[in-house]
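**Q**
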Amino acid sequence: MSETTTDLTLFEQLGGEAAVDAAVDAFYRKVLSDYRINRFFDGADMDTLAAKQKAFLTMAFGGPNNYSGKDMRDAHAKFVKMGLDDSHFDAVVEKLAETLIELGVSQELIAQVGAIAETTRADILGK
Amino acid sequence: MARIKFKDQTVIAENNETVLQSLLRSNIQVPYGCQQGVCQSCLMRSLDNTPPSSSQTGLKETQQKQNYFLPCICLPENDMTVALPNAEKTWLEAEVIEKKALSINVILLKIKSKEPLTFFAGQFVNLRNNDVIRSYSIANTPNLSHELAFHIRILPDGKFSRFVADDLEIGMPLSFSHAQGSCHYLEGKSEQPLLLIGTGTGLAPLYGILKDALLTHKHQGEIHLFHGSRDESGLYLEEKLTALTQNYPNFHYTPCLSGEVNNEKYTKGRANEIALKQFPKLKDWCVYLCGQPEMVLQTKRATYLLGASLKDIYIDAFSS
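Going down the list, the sequences are from chains H and R.
Numbering-wise (the numbering used here), the first sequence opens with residue 1 and increments by one.
Numbering-wise (the numbering used here), the second sequence opens with residue 128 and increments by one.
1) For I131/R, does the three-state DSSP call read helix, strand or coil?
2) Check whether the Cβ atoms of I124/H and A60/H sit closer than 8 Å, and answer yes or no.
3) Pick helix, strand or coil for G418/R, following the three-state DSSP scheme.
4) In the DSSP assignment, what residue or residues form a beta bridge with K395/R?
5) To which residues does DSSP link E365/R through a beta bridge?
6) Under the three-state reduction of DSSP, which class applies to V165/R: helix, strand or coil?
7) How long is the line joining the alpha carbons of M1/H and T177/R, rounded to whole angstroms?
8) Give a yes or no on whether the C-beta atoms belonging to N267/R and L254/R are separated by under 8 Å.
9) Strictly by DSSP, which residues pair up with K239/R?
10) Quick one, which of S360/R, A370/R, Y375/R and L330/R has its alpha-carbon nearest I350/R's?
11) Under the three-state reduction of DSSP, which class applies to M299/R: helix, strand or coil?
12) Where does C413/R fall in DSSP's three states?
13) When DSSP labels each residue in this structure, what does H88/H get in the three-state scheme?
14) Taking K54/H as the query, report the chain R residues whose CB atoms sit under 8 Å from its CB, ordered along the chain.
15) Residues of chain H with CB under 8 Å from L211/R, in chain order?
16) So, using beta-carbon positions, are G327/R and G361/R closer together than 8 Å?
17) Comparing the C-beta of A75/H with each C-beta of chain R, is any distance below 8 Å?
18) Could you please tell me which residues of the region 413 to 433 of chain R, in chain order, have their CB closer than 9 Å to any CB of chain H?
19) Do you know offhand how far F290/R's Cα is from K241/R's?
20) Let me see if you follow: with CB-CB separation under 8 Å, is R39/H close to chain R or not?
21) Mapping DSSP to helix, strand and coil, what is Q107/H?
22) So for V113/H, helix, strand or coil by DSSP?
23) Closest to L235/R by CA distance: which of C310/R, H305/R and H278/R is it?
24) Decide if I128/H is buried, meaning its Cβ has at least 16 other Cβ atoms within 10 Å, or exposed.
25) Three-state secondary structure (DSSP) at V93/H?
26) Considering only the beta carbon of each residue, do N464/R and G348/R sit closer than 8 Å?
27) Would you report the Cα separation of K316/R and H344/R, rounded to the nearest angstrom?
28) Quick check on the burial criterion: 16 or more other C-beta atoms within 10 angstroms. Buried or exposed for I131/R?
29) Which residues of the region 14 to 37 of chain H have a Cβ closer than 8 Å to any Cβ of chain R? Give them in chain order.
30) Report yes or no: is there a C-beta of chain H within less than 8 Å of the C-beta of S309/R?
31) If you draw a straight line from the C-alpha of Y35/H to the C-alpha of V92/H, how long is it?
32) Check the Cβ-Cβ distances between M46/H and every residue of chain R, and say whether any is below 8 Å.
33) Out of H311/R, L364/R and K239/R, point me to the one whose CA is closest to G298/R's CA.
34) From the beta carbon of T99/H, is the nearest beta carbon of chain R less than 8 Å away?
35) Under three-state DSSP, which class holds S262/R?
36) Taking only beta-carbon atoms, is A115/H less than 8 Å away from chain R?
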């Protein structure tokens, strides 16, 4: 890594909003294709969900966000009742890492994205 | 400083103030959410000037073309008259100029607007008879005589369709709304392969889109249309579509019957299933899905999982 990149934020290093746009299509496709987790997405409007995935990815990429733990808890409460647990959260984080690998993001940055995603675990699982 | 006109109020956007901030500051209540251009809750449309392209990030290209934008990330460059989506409620007047049967239960209805119209083939309008209002897709392409064509399925208990079948005659007036919807052909991607899947009168918007692509814009990529019906009478544009395949080698038409098949020119099965079996890889395709809601939503998901980008999937779901 060159010296100048250390001055850039994670979001900038990943490529900003364009990178989010590139990632969201592939990420959401992976999530919907995975039998471990896709039942949680049945019946939802795809465009609405894609917009939410984009907000989540923007946040996980360290970009501008209005993250609210309470909103996250409220939105996922019904899925916790359906059995949403750590294994599903892990599966989603795994899909996120796969997406970033395919987009050629370095391991180091992927780890940083993973760490931000991790901060949402308790809210999403209602712990 | 730009003037923002909303309904009958005008507000002046201060420097570095977004359209949303200007409206809220003036106590004009509009829906909004994230305030960062992500959730699209505040979606609006500019009725005059083109909005800055940075305020159209993440919108469908067809929406961008219709001057939709996100006021929460819009620093106005020019004066703008803005409206909430579908807020234009004004009814326009037209005259019925043609009515004929396309099949035993589908009528072609053509009306001529009394004033100039802007629309894209594949969009829909509301048609009104007193207090009965129904949405119908436009089945023709923009034209200088301001005509609109519709394929009206006659339902035994359909209030509007029975009115069309029994009472509406050539020369009679008919009220209709401005064109709406983002399911239409997009210029500038002439080489992109197009997949069109429709059931029943879902063929109407697809026929408009197809003619727009082939005739108006000389689309160069392959275009595959799958039209599904239970029986032969539902394949009501077979002759015209077959003729188009002879004039345009890049156009392919597959009539599908989910019921009994007694003729080898028809493929047996559901149009969406047959299409996806033939094209299991849809990366870089543009997909149009029109007709029965269940088929449309199921196929939207399926085509996305087969590689089509969500922004390249356009749908028009309706029960008929």
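Note that CB positions come from ideal geometry on N, CA and C, so glycine has one too.
No experiment lies behind these values; they were computed from the predicted model shown.
**A** Taking the coordinates as given:
1) strand
2) no
3) strand
4) L384/R
5) E365/R pairs with nothing; no bridge assigned.
6) coil
7) Residue placement at M1/H cannot be trusted, given a pLDDT of 46 that sits under 50; what the coordinates show is reported in the next sentence. Roughly 41 Å between the two C-alpha positions.
8) no
9) E222/R and E274/R
10) Y375/R
11) coil
12) strand
13) helix
14) V165 and G185
15) Result: empty, since nearest Cβ-Cβ is about 18 Å, beyond 8 Å.
16) yes
17) no
18) L424, K427, R428, Y431 and L432
19) 21 Å
20) no
21) helix
22) helix
23) H278/R
24) Residue 128/H cannot be examined here, being either before or after the span of chain H that is shown, 1 to 127.
25) helix
26) Residue 464/R cannot be examined here, being either before or after the span of chain R that is shown, 128 to 447.
27) 10 Å
28) buried
29) E17, D21, D25, Y28, R29, L32 and S33
30) no
31) 12 Å
32) yes
33) K239/R
34) no
35) strand
36) no
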